[in-house]
Structure formats: structure tokens, C-alpha cells
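Participant: The sequence shown begins at 40 in our numbering and counts up by one.
For glycine and all other residues, C-beta sits at the position ideal for the given N, C-alpha and C.
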Amino acid sequence: MVLQDQELSLRNAVSVSEAGLQAIHAGSDQIDMTPLQTVDSSAVAVMLAWQRQAQSLNRHLQFIGVPASLLSLISLYGLTEFFHLVAAQSTERH
């Protein structure tokens, strides 16, 4: 799933969360966060909900294109090890 919004904040967290949960339930194992330019702590809460949904389905979820500002929040909350993260500036190809 590729996020459609450039923002993930309290303003749109519920709708973005629901879209992600539906995508995960439908089989998506990646969330592409490349479009994000603005985030707040709500983004971390949304990611936690997505991660828990994937775990409940016994699947691994990967977050790609994670912006530096969101990586900082995740680190601040001590959750870096909880997520499989690929930073936005990464040029690694598989």
C-alpha cells in the first residue's frame, strides 16, 4: 500500500489508519510512506495499529520510505526495534 496523503497527523489519522488496516487484511505486507511530508505523534500510533494487525495475522509488515521526522519520533518512543523500517533516503534495491 502506498500512502495517498502527504500528511499523517491527528487531522487524518483515523481515515489513514482504516485504509492501512484494510490493505493489511487484504494481504499487503508493505506500507510505502514516501509521500509523507508532515507527521506528528499520531503517525506512530497508526503504525502501531498496523503492526499489531499484521502480527495478529502472523505476517511481517515492512515500512518503506519512512521520513526522517517520523524515524525521530519512533526512536524517541523507543520503538525502533518494533518496526521493520526502511528510511526515505535509502537507495538500496532488492
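Could you say which of Q61, A126, F122, M40 lies nearest to Q69 if we only look at CA atoms?
Facilitator: When each option's Cα is compared against that of Q69, the closest is M40.
Participant: Taking R50 as the reference, which of S80, I63, D71 has the closest Cα?
Facilitator: Of the listed residues, the one whose Cα sits closest to R50 is S80.
Participant: Give the DSSP-derived three-state secondary structure of S129 in the structure shown.
Facilitator: Confidence at S129 is low in this model, with a pLDDT of 45, below 50, so the placement of that residue should be treated as unreliable; the coordinate-derived value is given next. Coil at S129, not helix or strand.
Participant: D115: buried (16+ other C-beta within 10 angstroms of its C-beta) or exposed?
Facilitator: One detail in the question is off: residue 115 reads as Leu in this sequence, not Asp. The residue is exposed, with fewer than 16 neighbouring Cβ atoms inside 10 Å.
Participant: Is T77 helix, strand or coil when you go by DSSP?
Facilitator: T77 falls in the strand class under three-state DSSP.
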